[in-house]
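These protein sequence lines map, in sequence, to chains A and B. At position 202 of the first sequence the residue is numbered 197 (our numbering), and the sequence of numbers has no breaks. At position 165 of the second sequence the residue is numbered 160 (our numbering), and the sequence of numbers has no breaks. All C-beta atoms in this analysis are idealised placements derived from N, C-alpha and C, irrespective of residue type, glycine included.
2 protein chains.
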Amino acid sequence: MPKSAVPVSATALPSPFRNKAEREQDRADKRAAVLLAAVRMFNARGYHAASLDDVAASLGVSKPTIYHYLGNKEQVLVECVNRGLSMLRDAADAAARAPGSGHDRLRAFLLRYACINMDDFGRCVIRTNEELLSMDSAIQFRARKREIDDAVRGMIAEGIADGSIAPVDIRFASFALAGALNWPARWHDPDGPMSPAEVAEKLVDIALGGLTPRG
Amino acid sequence: MPKSAVPVSATALPSPFRNKAEREQDRADKRAAVLLAAVRMFNARGYHAASLDDVAASLGVSKPTIYHYLGNKEQVLVECVNRGLSMLRDAADAAARAPGSGHDRLRAFLLRYACINMDDFGRCVIRTNEELLSMDSAIQFRARKREIDDAVRGMIAEGIADGSIAPVDIRFASFALAGALNWPARWHDPDGPMSPAEVAEKLVDIALGGLTPRG
DNA sequence: TAATCAATATACCCATGGGTAAATAAAATA
DNA sequence: TATTTTATTTACCCATGGGTATATTGATTA
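(1) Would you mind sorting A/Asn112 into buried or exposed? The rule is 16 or more other CB atoms within 10 Å of its CB.
(2) Decide if the stretch 49 to 58 of chain B is in contact with the stretch 73 to 93 of chain B; the criterion is three or more beta carbon pairs, one per stretch, under 8 Å apart.
(3) Report the residues of the stretch 170 to 193 of chain A with a CB closer than 9 Å to any CB of chain B, ordered along the chain.
(4) Which ranges would you report for the alpha helix (DSSP H) in the stretch 130 to 187 of chain B if only whole runs of at least 4 residues count?
(5) When the cut-off is 8 Å and only beta carbons count, does A/Asp164 lie next to chain B?
(6) Please list the partners that B/Leu101 has in chain A, where partner means a Cβ-to-Cβ separation under 8 Å.
(7) So what's A/Leu8 in DSSP terms, helix, strand or just coil?
(8) With the cut-off set at 8 Å, would you say A/Arg118 and A/Ala180 are in Cβ contact?
(9) Please decide whether A/Ala202 counts as near chain B, where near means a Cβ-Cβ distance under 8 Å.
(10) Run through the stretch 27 to 103 of chain B for me and flag every whole alpha helix (DSSP H) of 4 or more residues, listed as ranges in chain order.
(11) Starting from B/Pro208 and walking both ways along the alpha helix (DSSP H), at which residues does that stretch end?
(12) May I ask which residues mark the beginning and end of the alpha helix (DSSP H) holding A/Asp114?
(13) Does B/Ser159 pass the burial test, meaning 16 or more other C-beta atoms within 10 Å, or should it be called exposed?
(14) Does the separation of the CB atoms of B/Ala133 and B/Phe104 fall below 8 Å?
(15) Counting only beta-carbon separations shorter than 8 Å, does B/Lys140 have a partner in chain A?
(16) When you compare only the Cα positions, how much space is there between A/Thr123 and B/Arg18?
(17) Measure the alpha-carbon distance for B/Ala109 versus A/Thr60 and round it to whole angstroms.
(18) Go ahead and label A/Met130 buried or exposed: buried means 16 or more other beta carbons lie within 10 angstroms of its beta carbon, across all protein chains shown.
(19) Using a C-beta cutoff of 8 Å, does A/Arg26 count as contacting chain B?
(20) Considering only the beta carbon of each residue, do A/Leu65 and A/Val34 sit closer than 8 Å?
(21) If contact is defined by three or more beta carbon pairs under 8 Å, each pair taking one atom from either stretch, is the stretch 93 to 103 of chain B in contact with the stretch 141 to 159 of chain B?
(22) Using the Cα positions of A/Met36 and B/Leu206, report the straight-line distance between them to the nearest angstrom.
(23) For my contact list, A/Ala152 and A/Ile143 are in at a C-beta cut-off of 8 Å; report their separation, rounded to the angstrom.
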């Protein structure tokens, strides 16, 4: 065994001296931590009642630190909402590429949708009303939510076309599904006995019942 | 025609001099006007973003006038919420006394429920999160909402017993229905083309589809 | 007519909290 | 070693808005 092979484990030891890539990672980690603390505070108290001082205190830092990693309060909220929307968007894309009938794909998507809505950032999407945002942000927000809704409507339409879904009013079916699966963002307790996945399955089964063709 | 009959119309003329009953009525009217202005402001901007100064200004009065007719800001909100809850409660009681199968009664109630949720005070019930309230008010609020939910569950149970509703999980069925029918409080536009009654009927049909026994 | 009460306004107090300027310390780079 | 950059703090500014003390006016009642 050549001598030069030995120091590998030594150089791999955790070092307090970070190189450039590590520093960028540190920064990203801190940014993510700020965002998570903020979204939890927003969800627990509501946007207006959650102060940045409290968010900072929950991380053991001071308020300007938040401004160092993210912009002003609205930008923090927008970033939280965008995280949630991206998760939903990814789920919709995955469902669109998945095999199976329209009903199957819709069901798979809705299970994921409901789980996201019970998670930190998804919850924030549901609980954020447009009135909280500036005009520009509200327009973008609406557009991104609309994309998700269009994906749902598309899946319903395909299901109707392939006979796996009853010929319902597509617009109202998507509203009803969204309502049923958004609502847990308000009542589900993450520390309670039921996991998001369990809740999601129960709700999706009931909500989809109304769209299933009758024997 | 005796002379004494003529002055009747004269004494019935609108007079600026109000008697005691009329003064009490005036007061009640003003109180109601303040409440309506407040609930609309709360619904449009959210509780925290709606200032009492603005509510007062929208009525052409000053802030202390609000304190004269109602208490502090939280009391105004509580009163708005209670109005909405009373409407829902009345609807639940009426449905419980109505004839027909469990499914019929549930359907009639849900139509009313959905409409109330699109009205000023019902909207406020949906949009008011417990975090906005003091501990005491939140406990009362939860209890009153629970009454409504219990009524829904009772109707579902009766429907299952009489065979008009499929044997679903009662708890989750009530959650799913509530979600689907609460959601319009967020998106329905009172000035839009669809009336609350139309929206209600479409949504109830789809939402109840999942609870209907299969042929 | 005097005393009281109801309705309303003006003018204020003050806590909260978003946002920033400026200082410091530590590390990275030249 | 000198300079710059990054991370973070302390200390502050100031607008908003809930809430109140007090004055005013006009009607009610004794």
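On the basis of the supplied data:
(1) buried
(2) no
(3) Phe170, Ala171, Leu172, Ala173, Gly174, Ala175, Leu176, Asn177, Trp178, Pro179, Arg181 and Trp182
(4) 130 to 156, 165 to 177 and 179 to 182
(5) yes
(6) Going along chain A, no residue has its Cβ under 8 Å from B/Leu101, so there is no contact; the nearest lies around 14 Å.
(7) For A/Leu8, the pLDDT reaches just 47, beneath the cut-off of 50, and the residue's location in the model is therefore unreliable, although a value from the coordinates is still provided. Coil at A/Leu8, not helix or strand.
(8) yes
(9) yes
(10) 47 to 53, 58 to 64 and 68 to 92
(11) Neither: B/Pro208 is in no alpha helix (DSSP H) and is coded neither H nor E.
(12) No alpha helix (DSSP H) holds A/Asp114; DSSP gives it neither H nor E.
(13) buried
(14) no
(15) no
(16) 43 Å
(17) 45 Å
(18) exposed
(19) no
(20) no
(21) yes
(22) 37 Å
(23) Not really, about 15 Å apart at Cβ, beyond 8 Å.
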